[in-house]
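In terms of our numbering, the sequence shown is residues -1 to 383.
Note that beta-carbon positions come from the ideal geometry of N, C-alpha and C, so glycine has one too.
Accompanying notes for the structure given below.
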Amino acid sequence: MADGGPGGGRAAQLKHTGLRHGWTTGACATAATTAAYTALLTGEFPDPVTITLPKGQTPAFALAAEELGDGRAMAGIVKDAGDDPDVTHGALVRATVRPLPPGSGVVFRAGPGVGTVTRPGLPLPVGEPAVNPVPRQMMRDHVAEVAARHGGSGDVEIEVSIDHGEEIARSTWNPRLGILGGLSVLGTTGIVVPYSCSAWIDSIRRGVDVARAAGRRHVAGCTGATSEKVAVAVHGLPEDALLDMGDFAGAVLKYLRRHPVDRLTVAGGFAKLSKLAAGHLDLHSARSQVDKGFLADLARRGGAGPALAEAVATANTGLEALTLCRDGGVPLGDLVAAAARDEALGVLRGAPVAVDVICIDRGGTIVGRAEPKGPPPPPRPRVSR
């Protein structure tokens, strides 16, 4: 991985793809903290400011804001998410550092635009600023380095804020996870990999954690807002039992494999869930396609004759295949739902999670259902005679 290097803060170029890596909010907050604490001790802001990421990279960040006052210093850095479609790309991440009495250590505060944890189940206690553990450790480490270099005690308050963060957070999972008032400061490596969608997958995992901590034993993984409404109407699930799965069926199933609940409802559009039924765990159109041949095979198993099966195999879309089968008296929606359920159970690998599936059309009408089915029982021990 290349460093930010000259031009400080420019995201690194990915080899082969032409896409640029970016920097997490945690990396930006660490760089802002480093610059602010340096200025607090020396009177001068380093610009650009260089930090060391957990895997050893040393990017440099240009300062977009700086302010040195009586007993405080603030530095701000504009987040560059590279070529990832990150909602926080371009946000101004600020860190304000104030000295504390010796022995106080490093204390974190949520400034404007950074949320506060209000529900159990997250990796931070209720009442804490939503600055995740790895970014906290990065900031502590850099505070200690600056203190050693410039004769400070390392006892400081770090207030992290993100301009317009409360508004941006409305388009994230934070309100549902019980993070109120703004965004989370995230990142485990400091680097944003374009289209890895790591933040979305992390939100799925935190959603499972919050549901389990709230005592929910039935959760729903939904591909979008319409399927979410259907899952609520069918099962009466509360908001904290709903997982915005999007295209990441595999992320839900693999995390529940390690952190099970009693029941999972998978709800989504017919075409997307036909991909799961065919064995795809990433349902995005760029990474998996509706397999009309697979749908034709399902239709045959459901009683379709050769002509109908051929029409399904050559249909323009999954929904056209569904309509053809409906008109021909073949329950393709139910067949896809059952195959998707069985595929999900295979990924769960015997975890004690019962699965049911709801397929819908674009208008939110249920076009296929598969009733709950649990993992197969363990094999009975052989009795020697």
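- Apart from sequence neighbours up to five positions away, the residues of its chain that approach residue 140 with a beta-carbon distance below 7 Å are 28, 31, 32, 49, ordered along the chain.
- The way I'd put it, the segment 208 to 226 doesn't touch the segment 61 to 70; fewer than three beta-carbon pairs between them come closer than 8 Å.
- Buried is the label assigned to residue 272, since at least 16 other Cβ atoms lie within 10 Å of its Cβ.
- The residues 288, 315, 316, 317, in chain order, have a CB closer than 8 Å to that of residue 269 in the same chain once the five nearest residues on each side in sequence are set aside.
- Under the three-state reduction of DSSP output, residue 44 falls in the coil class, being neither helix nor strand.
- For residue 358, there is no enclosing alpha helix (DSSP H); the enclosing beta strand (DSSP E) covers residues 352 to 358.
- In the structure shown, residue 243 adopts coil according to DSSP, grouped into three states.
- When the beta-carbon positions are compared, residue 185 and residue 73 stay at least 7 Å from each other.
- Comparing alpha carbon positions, the residue from 79, 301, 245 closest to residue 267 is 245.
- Distance from the CA of residue 250 to the CA of residue 175, rounded to the nearest whole angstrom, comes to 16 Å.
- Just measuring C-alpha positions, the residue of 119, 341, 97 sitting nearest residue 213 is 119.
- At a Cβ-Cβ threshold of 7 Å, residue 279 and residue 234 do not count as neighbours.
- Annotation: the continuous beta strand (DSSP E) that includes residue 366 extends over 364 to 371.
- Residue state for residue 269 is assigned as helix, using DSSP reduced to three classes.
- When DSSP reads this structure, residue 63 sits in a beta bridge with 74.
- When Cβ pairs closer than 8 Å are counted between the two stretches, the segment 117 to 132 is seen not to touch the segment 78 to 93, the count staying below three.
- Take the alpha-carbon of residue 143 and the one of residue 136: they are about 11 Å apart.
- Scanning its chain for C-beta atoms nearer than 7 Å, with the 5 sequence neighbours on each side dropped, one finds around residue 88 the residues 76, 77, in chain order.
- Around residue 23, the same chain offers 77, 86, 89, 91, 133, 160, 181, 182, 183, 184, 185 as residues with beta carbons nearer than 8 Å, after the five sequence neighbours per side are excluded.
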